[in-house]
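This report concerns only the one structure given below.
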Amino acid sequence: MNGNYTGAGGTPVGGGQSTSAEDLSVGQKDALRVAVAGIVDETQSYLPEGYQVGSELTYGSGATATVAVDPPAGHPVTAGYSPDPDELESGLDPDTQQEVAQGLAASAVMQVMDAVGDGITPTGR
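Okay, here's the thing in structure tokens:
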């Protein structure tokens with residue numbers, strides 16, 4: 003068996019992590035939702051139509067947020083965030099939100115540029 007067999011004598015897979023969603027209060031979960039929604043909105047504001055932006059929150063082994071951009075061509079781009087519960091009390095730093103949104107938007111545009119290549123004739127005058 004590969005290293006994921008829990009009877010091998012080592013720490014079980016995920017054994018050092020919390021497996022309870024009770025680690026976060028309702029207020030902390032709401033703060034995470036608001037922060038991630040802000041990143042999604044800001045990312046969308048940098049992109050033209052045709053780019054799909056979404057998010058997913060999971061609470062299985064600690065809170066994890068993922069924001070993804072699916073460009074019209076190329077591979078999807080994602081950014082993950084696993085906040086410290088204390089961080090959520092004070093709220094996510096607006097500069098951090100902006101940095102993540104700009105990075106996702108830029109990466110998504112680069113995916114399109116890589117997929118399309120240089121063979122496009124400009125249609126502008």
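All residue numbers for the sequence shown refer to the numbering used here, where the first residue is 3 and numbers rise by one.
Glycine residues also receive a C-beta, built at the ideal position from the N, C-alpha and C atoms.
With contacts defined by Cβ atoms closer than 8 Å, residue 75 and residue 117 form a contacting pair. The C-alpha of residue 32 is placed about 29 Å away from the C-alpha of residue 52. Straight across, the Cα-Cα distance linking residue 95 with residue 59 is about 18 Å.
Burial is judged here by how many other beta carbons sit within 10 angstroms of a residue's own beta carbon; residue 45 has at least 16 and is buried. Contact between residue 61 and residue 26 holds: their C-beta atoms lie close to 7 Å from each other, under 8 Å.
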